[in-house]
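Okay, so the sequence shown: first residue is 0 according to numbering that gives the first Met the number 0, each after it adds one.
Even for Gly, the Cβ is constructed at its ideal location relative to N, Cα and C.
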Amino acid sequence: MLTKSIIEFITISKEFCAYLEISEHESQRVFVEKTQKLLSLLYLKALLLESNNEVEGYCEQYVTEEQWEFVHQNIETTLGELDVYIEVFSPEYTNDEKDTMPISEALTDIYQDIREFTDRMRTDNDEIREVAVYECMLQFSLYWGPRALSVMQEFHTLMFSPNSKLDSNE
């Protein structure tokens, strides 16, 4: 069943994915500011989804390696030298464990999970939709949620630091 919170999450998910797919001609400033807003909304809407009990089922994979590479290249090109390595801490790690990855990779990984979700939600099959919501929330708790927070932290610094490299890269 599509609840209001799921519909709102689908809406921002589609907007987030569509933006990353066409963002290659944006200035760094516009890209960082718009992505920060979309990512913040995406994170908030994920937090507002009702928790879903564990559901068993299989969902088809839609995002191809070529699509992932295309979006990654768009982001990497747009960010240029601002595509710095960030630290990502996941709830499944122990105290000092972390992943280190470029912003472009973190954003593309988020894109992949969100795009998989939106593509799966296009079906009329409620069982597949239920599995899609469950898998998306599992990925949120372990992977794309922590990545989103790390990207948002870096983008916040770029947007508001008096010594930001963002101003000189328009």
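Local conformation of residue i per DSSP, three classes
i: E55; result: coil
i: R146; result: helix
i: M0; result: coil
i: Q138; result: helix
i: Q27; result: helix
i: E153; result: helix
i: T10; result: helix
i: V130; result: helix
i: E91; result: coil
i: S186; result: In the structure as shown, the chain starts at 0 and stops at 169, and residue 186 therefore has no counterpart that could be examined.
i: R121; result: coil
i: L78; result: helix
i: Q66; result: helix
i: L41; result: helix
i: Q60; result: coil
Distance between residue j and residue i (C-alpha atoms, nearest Å)
i: I9; j: S39; result: 14 Å
i: L1; j: R146; result: 27 Å
i: E64; j: K97; result: 25 Å
i: K13; j: R114; result: 7 Å
i: C135; j: Y18; result: 19 Å
i: E55; j: N162; result: 49 Å
i: T99; j: N124; result: 38 Å
i: T77; j: P90; result: 30 Å
i: D118; j: S160; result: 37 Å
i: V29; j: L48; result: 29 Å
i: E7; j: K44; result: 7 Å
i: L165; j: F154; result: 10 Å
i: T184; j: V150; result: As displayed, the chain neither begins before 0 nor continues past 169, which places residue 184 out of reach and without an answer.
i: Y133; j: L148; result: 20 Å
i: K33; j: N52; result: 33 Å
i: E20; j: N73; result: 7 Å
i: V87; j: F15; result: 20 Å
i: Y110; j: V62; result: 9 Å
i: K36; j: E126; result: 32 Å
Counterpart residues of residue i in DSSP-defined beta bridges
i: M100; result: I85
Counted within 10 angstroms of its Cβ, other Cβ atoms place residue i as buried (16 or more) or exposed
i: I5; result: buried
i: L141; result: exposed
i: R121; result: exposed
i: Q60; result: exposed
i: S103; result: buried
i: T156; result: exposed
i: V31; result: buried
i: G144; result: buried
C-beta neighbour in chain C for residue i, strict 9 Å
i: L38; result: Although the question refers to chain C, the structure presented lacks it and comprises just one protein chain.
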